[in-house]
Amino acid sequence: MQAFSTATVYEGPFSEVPPDGLRKIWLWAVLIAVGGFLFGFDTGVISGALLYIKTDFGLDSFEQSSVVSVLVLGAMAGAMGSGRIADRIGRRRIFGLEGLVFLVGTVIAVLSTGYAMLVVGRLVLGLAVGGASATVPVYLSEISPKEIRGRTLTLNQLLITIGILVAYLTNLAFSGAGDWRAMIGVGAVPAAVIVAASLWVLPESAAWLAARGDRAEARRLVASVTNEATADRLLDRYERDRARRDGGRRTGRRTLLAADVRPALVVGLTLAAVQQFGGINTIIYYAPTIIEKSGLSASNSIVYSLAIGVINLVMTLVAIRVIDRSGRRPLLLFSLGAMTVMMALLGLSFVAGWSSGLSLVFMVLYIAGYAVGTGPVFWTLIGEIFPPRARAAGSSASTAVNWLANFVVSLVFLPIATVIGQGETFWIFAVIAGLGWVFVSRFVPETKERDFTEVDADLRSRFGRRAPTSADPG
């Protein structure tokens, strides 16, 4: 996820880092990406735990949905608030605070004595999930040299998918005993790692230190992975670039109202909605529940849902390898096309009463289509289509819509499926994915190997807008 900070996200001052410094940065990056792991774990673990929670607490379909969706509601609040806090207290401190909130939410959920307490625990976990989704990518970008920034940012996406897979494995490990408390409680371990790392291992972002005027500490940090002469030169260049990019222009949310930003905003918000309303989190959150309704037992449903976690991870790795080769548009168009077809077939399998094996195949192929394109490409595009002065605000707005759509889908899926049927509900998602394909083919520009001026010209052309009369690099 992208940041909800209102400040412009600048490139970090690291570059020209020797091998020893790169190893240190990679260690930091892996520890920071544990925040992404918990994001994936806490959104995925409820899928198996819910099979036993609903029996223990006697939950109806709305209560089951609210246990899932309240995390998303908390994530919206956590994401919107964490950016401002991170700008005030720093990246390392907000990261440690998020780890602490993860721990508190896990404890509340594990010790829940009923529906209300469980909802509170999930809400607290949501605050941490949202905070991590907003701050981890910024923290990663600011501690990484440009030569490896793409890989460190995709490390976050990779850890999210690993977190989901580990959640499914955890569900499997405790499914025999039906111990949903242990399933959720496993999340306390990576949360403790985050807290410990922020206290004793991770540095503050040099970019944040420099922006706050603490040049001496920023210089010391950069020199720890390069050398003092390089640190001075890089910080001088960083400060010049920052002053030029501020340039007296409006920044933050107000800049989204500018005419030259609106096409990018339309693309960002629409893709954010399509990514969720295409049905992905009905599969991630409810995979065992869906498979159970196709005729399998709860424990077998958890076993088969592992296939979804594995294919999600594998296809994310494929996307990381091909996104800079094939381009963004081809991946998106292929992905949305595959999602449309597979979701339609999944719906048909339920309506026509086909075998549970076919339903599982369609779910796995749907996840493969999503993970190779719509999932990772959305987050790449919203970092590329906005002008630099509007990048943080545009990413924030797009992410807000993404969380809102996530909340709506996770809340209403089971109730709607109860009323009109599960297969028919999947057909609604198929139609939305198909409309997304049409939108991408018409309005989304290619950003591969293009600078912002080229991307902006393509975007304006697709929306029928005239070229600007003066340069507007942001």
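Using our numbering, you'd call the opening residue of the sequence shown number 415 and step up by one each time. For glycine and all other residues, C-beta sits at the position ideal for the given N, C-alpha and C.
Ranked by Cα distance from V786, the options S773, M494, R742, L825 are led by R742. Between A844 and T754, the C-beta gap is smaller than 9 Å, which places the two residues in contact. Nearest Cα to L583 within the set V724, V869, A766, F792: V724. Here the alpha carbon of V486 sits roughly 15 Å from the alpha carbon of A686. Under the three-pair Cβ rule at 8 Å, the segment 755-765 does not count as touching the segment 631-640. Per the Cβ contact rule, the segment 526-545 is not in contact with the segment 429-445 (fewer than 3 Cβ pairs under 8 Å).
For the set F866, N816, L825, A587, the Cα lying nearest the Cα of M490 is the one of N816.
When DSSP states are grouped into helix, strand and coil, A766 belongs to the coil group. For A489, the enclosing alpha helix (DSSP H) starts and ends at 475-503. Between the segment 445-464 and the segment 788-803 there are fewer than three C-beta pairs closer than 8 Å, too few to call the two in contact.
When the Cα atoms are used, E512 and L616 turn out to be separated by approximately 14 Å. In this structure, the alpha-carbon of A630 lies about 27 Å from that of A548. Going by C-alpha positions, I578 is about 19 Å away from V775.
The C-beta distance from I503 to V481 rounds to 32 Å, too long to fall under 8 Å, and the pair is not in contact. For G761, same chain residues with a beta-carbon under 7 Å away, outside a window of 5 residues either side, are G837, E838, F840, W841, A844 in chain order. The Cβ atoms of F853 and F877 lie no closer than 9 Å to each other. Between E653 and A624, the gap from beta carbon to beta carbon is short of 9 Å.
Around G599, the same chain offers T520, V524 as residues with beta carbons nearer than 7 Å, after the five sequence neighbours per side are excluded. One alpha carbon belongs to I830, the other to S479, and they sit about 11 Å apart.
Pairing I508 with A611 gives a Cβ-Cβ distance that is not under 9 Å. About 7 Å separates the CB atoms of G601 and F516; that is less than 8 Å, so the two are in contact. Annotation for V448: the continuous alpha helix (DSSP H) segment containing it runs 433-458. With a beta-carbon spacing of about 6 Å, Y529 and L473 fall inside the 8 Å limit used to define contacts. Relative to R735, the option among E556, S770, P790, I781 whose CA is nearest is P790. Apart from sequence neighbours up to five positions away, the residues of its chain that approach F588 with a beta-carbon distance below 6 Å are A596, M597, ordered along the chain.
When only Cα atoms are considered, L772 and V778 end up about 10 Å apart. Apart from sequence neighbours up to five positions away, the residues of its chain that approach V732 with a beta-carbon distance below 6 Å are V786, ordered along the chain. Here F821 has S483, V486, L487 as same chain residues with Cβ atoms under 6 Å from its own Cβ, once five neighbours each way along the sequence are excluded. The alpha-carbon separation between L465 and I722 amounts to approximately 17 Å. As the crow flies, the alpha-carbon of F827 is around 31 Å from that of P677. In the structure shown, the three-state DSSP call for T527 is coil.
Here W594 is buried, its C-beta having at least 16 other C-beta atoms within 10 Å. Pairing W851 with G751 gives a Cβ-Cβ distance under 9 Å. In the structure shown, the three-state DSSP call for E653 is helix.
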